[in-house]
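Notes follow the structure.
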Amino acid sequence: RFQAQPGIRAAILSMTTCGAGITLTAAQVAVFAELHWTPGLLRQCEDRIHRVGQAQSVVIQYLVNKTTSDTDTLSLIQRKSGLLGASIGQASSLNSTKRPPMIINTHR
């Protein structure tokens, strides 16, 4: 319903639910309140909004709590993403030049 009905302005989904098989190009903003340790799953979730057919600018935000394991998970994700890019001979990260920059909000 979110995609088809303009009156619906928000959808609350988990990463494992929205990671595949769903199109959310009606959205312009995604706010993730969870982190997964696999960079590919994060990209897959981002791709539900930032994909062919998206006519608007997209903002992707990750909420990271400084007092939890989020900061360690984020470091791991960034390290894994960089290693993947190095192994295939290109700079690869969650902040690809083809995409808008990822915004990370840290909260205490």
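Going by the numbering used here, the sequence shown opens with residue 236, and the numbers climb by one from there.
Every residue, glycine too, gets a C-beta built ideally from N, C-alpha and C.
All values derive from a computational prediction rather than experimental measurement.
Output the boundary residues of the beta strand (DSSP E) element that contains Q296.
That run of the beta strand (DSSP E) goes 294-300.
Starting from G242, follow the alpha helix (DSSP H) in both directions and report where the run begins and ends.
That residue, G242, is in no alpha helix (DSSP H); it is neither H nor E in DSSP.
Checking 7 Å against the spacing of the C-beta atoms, do I247 and R283 come in under that value?
Cβ distance not < 7 Å, so I247 and R283 don't count as in contact.
Does the beta-carbon of I295 have 16 or more other beta-carbons within 10 angstroms, so that it is buried, or is it exposed?
It counts as buried.
What residues in its chain sit with their C-beta under 7 Å from that of D305, if we drop five residues either side in the sequence?
The residues are L270, V299.
Going by alpha carbons, who is nearest to V264 out of T252, L309, Q289?
Among T252, L309, Q289, the Cα nearest to that of V264 belongs to Q289.
Tell me the rounded alpha-carbon separation between W272 and A255.
Taking the straight line from one Cα to the other gives about 17 Å.
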